[in-house]
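Below is one structure, written out as structure tokens; the observations come after it.
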Amino acid sequence: SAKKEAIDTLLEMADYKQAPGRCRFLVACGCMAQRYPKEIRELLPEVDAVLGTAHYVDIAESLQTLFGGEADGIRCSAPGSLAHLRKDRLVSTCGYAYLKIAEGCANHCAYCAIPGMRGSFVSRPPEDILEEAALLAEQNFQEIILVAQDTTRYGTDLQGTGSPVTLAGLLRDFEKIPGIRRIRLMYCYLDGLTDELVDTMAASDKIARYLDIPIQHLSDRILQRMNRRDTSDEIRAKIKLLRTRIPGILLRTTVMVGFPGEVDEDFQLLMKGLREIRFDRLGCFVFSPEEGTPAVHMRPKVRKDVAERRMARVMELQRGITFQSNQARVGSLVTVLLDSISEDGVFYSGRSEGEAPEIDPSILVAVSSDDPGIGNMVPVRIVAATEYEMTGVTV
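Position one of the sequence shown corresponds to residue 1 (my numbering), numbered consecutively onward.
Listed below in structure tokens is the structure:
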């Protein structure tokens with residue numbers, strides 16, 4: 001489980017403190033620190049400070065306190081805090097930056113502990129988001145990736161505070177910021193894709209024709225047990241609408257296998273649906289019980305070996321679909337953001353609007369003297385493709 005992995009990692013890091021000169025202080029930070037701060041301090045004396053999810057930006061201050069010879073203890077805010085979404089937390093990346101537009105979640109999926117750790121859904125004020133976006137643009141971040149636990153819910157908790165606040169309206173304001181050339185949406189829920197939002201995406205030359213829409217399953221029985229809002233028919237209908245209204249859109253999803261009660265019939269419905277829908281990119285995970293969630297008590301459990309075989313079958317199916325999706329793009333002209341270079345200096349690695357960082361196939365581009373370098377965009381013709389990467393030449 002995630003909890004066990006976090007504990008094992010802390011214990012592994014604690015070993016470094018035993019070697020002189022290697023590590024003086026150990027700071028626990030993130031979801032587990034937010035959820036079990038007192039337990040960490042009591043059971044893991046090797047940990048010198050505990051920072052919750054709203055306090056990772058305080059790590060430098062915490063270390064200064066520790067280096068000054070004082071104990072730092074626990075820094076945890078109530079769930080739902082926006083205090084950590086500060087402009088001074090910006091870090092340098094290769095031409096793209098993540099911008100969080102909300103905190104928390106109000107969906108209460110049966111397997112997820114996030115609402116308990118991070119609180120209910122709270123949108124950031126639009127003026128705060130746009131100010132940060134302008135700062136990013138000034139630093140030559142050409143792609144802004146909007147994230148939240150449920151990005152498409154943005155603004156629904158701000159109604160009644162004046163003019164309606166919507167994600168579509170926020171995107172239109174983003175388009176006016178000089179220097180931003182690409183806007184990407186991650187972690188979207190299908191039922192939040194309003195007509196206004198779809199129309200805004202379709203009309204834009206800056207919003208990536210790409211959506212990350214985790215559906216989790218395609219068996220209605222399992223979707224209901226998961227406490228998901230969409231039915232399998234609603235999922236299919238919305239995806240058909242997206243592909244009709246936004247030609248060329250690339251879709252990414254995430255599915256879960258081995259959820260309590262999943263039988264072979266449910267799994268076959270998932271496989272059948274994935275063959276029909278043909279997501280361009282897909283991630284698959286085996287269910288892992290999270291303490292404090294309804295799914296922990298659900299029965300019957302699915303054996304780990306059965307769940308892992310199901311995941312392998314999903315990924316085998318998806319490899320073929322992704323290969324065909326990538327092959328269909330051979331010959332096309334795309335705009336690639338160059339975000340790294342190979343050790344031998346022969347190829348850049350980058351992404352078009354159809355690939356998100358770290359999770360999607362990359363595009364390899366041969367280095368030439370005319371290229372502007374890492375962090376910039378170039379026109380590229382795709383000339384070859386596998387399921388894992390594509391190759392292109394600058395034009």
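Glycine included, each C-beta is placed from N, C-alpha and C at the ideal position. Keep in mind it's a predicted model, so treat the numbers as computed, not measured.
- Per DSSP, ILE180 has no beta bridge partner at all.
- Per DSSP, the continuous alpha helix (DSSP H) segment holding ASP305 begins and ends at 304 to 327.
- Beta-carbon to beta-carbon, GLN34 and MET117 are separated by about 5 Å, close enough to satisfy the 8 Å threshold.
- If you check the CB distance, CYS31 and HIS55 do not come in under 8 Å.
- Note that the region 317 to 335 does not touch the region 99 to 116; fewer than 3 beta-carbon pairs, one per stretch, sit closer than 8 Å.
- Under DSSP, CYS29 forms a beta bridge with LEU51.
- If you compare the alpha carbons of GLN64, TYR96 and LEU211 with that of ILE180, the shortest gap goes to TYR96.
- PRO37: member of the alpha helix (DSSP H) spanning 37 to 43, first to last residue.
- With a cutoff of 8 Å on beta-carbon distance, ASP280 and LEU250 are scored as near each other.
- DSSP places GLY273 in the helix class (H, G or I) of the three-state scheme.
- PRO379: not part of any alpha helix (DSSP H); member of the beta strand (DSSP E) spanning 377 to 385, first to last residue.
- Its chain contains PRO361 as the residues whose beta carbon lies nearer than 7 Å to that of TYR388, once the 5 sequence neighbours on both sides are disregarded; these appear in chain order.
- When the beta-carbon positions are compared, GLU132 and LEU185 stay at least 8 Å from each other.
- Per the C-alpha coordinates, the member of ASP305, SER123, LEU242 and ALA148 positioned closest to THR156 is SER123.
- Under the 10 Å beta carbon count, GLN149 is surrounded by 16 or more other beta carbons and is classified as buried.
- One Cα belongs to ALA28, the other to LYS272, and the distance between them is close to 43 Å.
- Take PRO372, set aside five residues on each side of it, and the residues of its chain with a beta-carbon closer than 8 Å to its own are LEU338 and VAL378, in chain order.
- Counting every other CB atom within 10 Å of its CB across the protein chains shown gives GLU39 a total below 16, marking it as exposed.
- Collapsing the DSSP output to three states places LEU190 in a helix.
- For the 8 Å CB-CB criterion, PRO126 and LEU190 do not form a contact.
- DSSP, read as helix, strand or coil, puts ILE249 in coil.
- Under a 10 Å Cβ-count criterion, ILE359 is classified as exposed, with fewer than 16 other Cβ atoms of the shown protein chains found around its own Cβ.
- Pairing MET226 with PHE259 gives a Cβ-Cβ distance under 8 Å.
- Here DSSP, grouped into helix, strand and coil, assigns VAL57 to helix.
- Counting C-beta pairs with one atom in each stretch, the region 292 to 299 and the region 234 to 253 have fewer than three that are closer than 8 Å, which means they do not touch.
- For MET315, the number of other beta carbons within 10 angstroms of its own is below 16, and it is reported as exposed.
- Under the 10 Å beta carbon count, ASP15 is surrounded by fewer than 16 other beta carbons and is classified as exposed.
- When DSSP states are grouped into helix, strand and coil, ALA106 belongs to the coil group.
- Annotation note: the region 96 to 179 contains the following uninterrupted beta strand (DSSP E) runs of length 3 or greater, listed N- to C-terminal: 96 to 100 and 143 to 147.
- In the same chain as THR166, and ignoring 5 residues on each side of it, the C-beta atoms closer than 6 Å to its own belong to GLY155, in chain order.
- Per DSSP, ASP230 lies in no alpha helix (DSSP H) and is assigned neither H nor E.
- One thing to note: PHE267 has its Cβ no nearer than 8 Å to the Cβ of VAL255.
- The Cβ atoms of ILE363 and ARG381 lie no closer than 8 Å to each other.
- Shown here for GLY345: same chain residues with a beta carbon closer than 8 Å to its own, the five before and five after excluded, namely VAL367 in chain order.
- Assigned with DSSP and collapsed to three states, ARG243 falls in helix.
- By the CB criterion at 8 Å, ALA385 and ARG329 fall inside the cutoff.
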